[in-house]
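Counting from 1, one number per residue, gives the positions in the sequence shown under the working numbering.
Notes for the one structure printed next.
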Amino acid sequence: MKVVAIVGSIREDSFNLKLAKHVQARYADKFELEILDLKPIPMYNQDIELDAPQEVLDIKAKVKAADAVLWVTPEYNSTIPGVLGNAIDWMSRVDKVMNGKPSMIMGASMGVLGTVKAQMHLRDILFASGLNSPLLPMNEVYVGAAHTKFNDSGELTDKSTIEFIDIVIANFQEWMKNYL
């Protein structure tokens, strides 16, 4: 199974990037995970959507070729960050590469509630016309107090969080049998 991860933070020391890298390393024997880089994606502009920049075409091609998308979002001002919304805008237009593409959501935050509000908004967005992405149900991964759960090397070390993610990934694999 081929999965792409779209991380809604472009910060080098992002907890969400660390979370995506944890999934990539820990479950490498279960599926291939490519973490996409959103830094080179320009702001969505309808004037150029039919002649999109190569960086946009490359990301869209990777999403289209994947079996599923893992969204890993921080929470900015109680919602998803602009960089994530921008990527979604590009993917929901013209060839609509997310249409019918199965998704799963995770998020990490220094706050106690993790990324609850951002994930609720992202779920609504992924059901919108132009996206229509089925979501893994009832398997929310909210990594709160993330600064206490990763070591200085960026590795997730909190045993209960790791065990919970193990369960969610197993559920994701089982659920994906409906789409493969």
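By construction, the Cβ of each residue, glycine as well, lies at the ideal position given by its N, Cα and C atoms.
Can you check DSSP and say which residues form a bridge with residue i?
i: Phe31; result: For Phe31, which the question treats as bridged, DSSP gives no partner whatsoever.
i: Trp71; result: Ile6 and Ile105
i: Phe150; result: Leu156
i: Val141; result: Met106
i: Leu36; result: Ile6
i: Thr79; result: Tyr76
i: Leu135; result: Ser103
Using three-state DSSP, classify residue i as helix, strand or coil.
i: Val94; result: coil
i: Val23; result: helix
i: Thr115; result: coil
i: Leu84; result: helix
i: Leu17; result: helix
i: Glu12; result: coil
i: Ala65; result: helix
i: Lys60; result: helix
i: Met43; result: coil
i: Ala128; result: coil
i: Met176; result: helix
i: Met120; result: helix
i: Ala52; result: coil
Out of the options, which one is the CA nearest neighbour of residue i?
i: Thr115; options: Val3, Ser9, Asp166 and Lys2; result: Ser9
i: Leu131; options: Arg123, Met138 and Pro137; result: Arg123
i: Asn139; options: Gly111, Glu174 and Glu155; result: Glu174
i: Leu19; options: Leu50, Ile59 and Leu70; result: Leu70
i: Ile35; options: Thr157, Ile59 and Leu50; result: Ile59
i: Val97; options: Asn45, Asp13, Ala65 and Arg26; result: Ala65
i: Glu55; options: Pro40, Val94, Asp67 and Asp47; result: Pro40
i: Thr79; options: His147, Ala5, Lys117 and Ala68; result: Lys117
i: Phe172; options: Met104, Asp95, Phe150 and Leu38; result: Met104
i: Leu57; options: Tyr179, Pro74, Ile165 and Asp95; result: Asp95
i: Arg26; options: Met176, Asn178 and Ile167; result: Ile167
i: Ala145; options: Ser153, Thr161, Ile125 and Pro137; result: Thr161
i: Val63; options: Tyr142, Lys101, Pro134 and Leu50; result: Lys101
i: Trp90; options: Ala108, Gln46, Ala28 and Gln119; result: Gln46
i: Ala61; options: Val4, Leu126 and Lys21; result: Val4
i: Tyr179; options: Leu136, Asp158, Phe164 and Ser153; result: Leu136
Is it buried or exposed for residue i, if we count other Cβ within 10 angstroms and need 16 for buried?
i: Pro81; result: buried
i: Asn16; result: buried
i: Glu32; result: exposed
i: Asp147; result: In the sequence as presented, Asp is not what sits at residue 147; that position holds His. By the neighbour-count rule (16 or more Cβ atoms within 10 Å), His147 is not buried but exposed.
i: Val72; result: buried
i: Pro42; result: exposed
i: Leu84; result: buried
i: Lys149; result: buried
i: Leu156; result: buried
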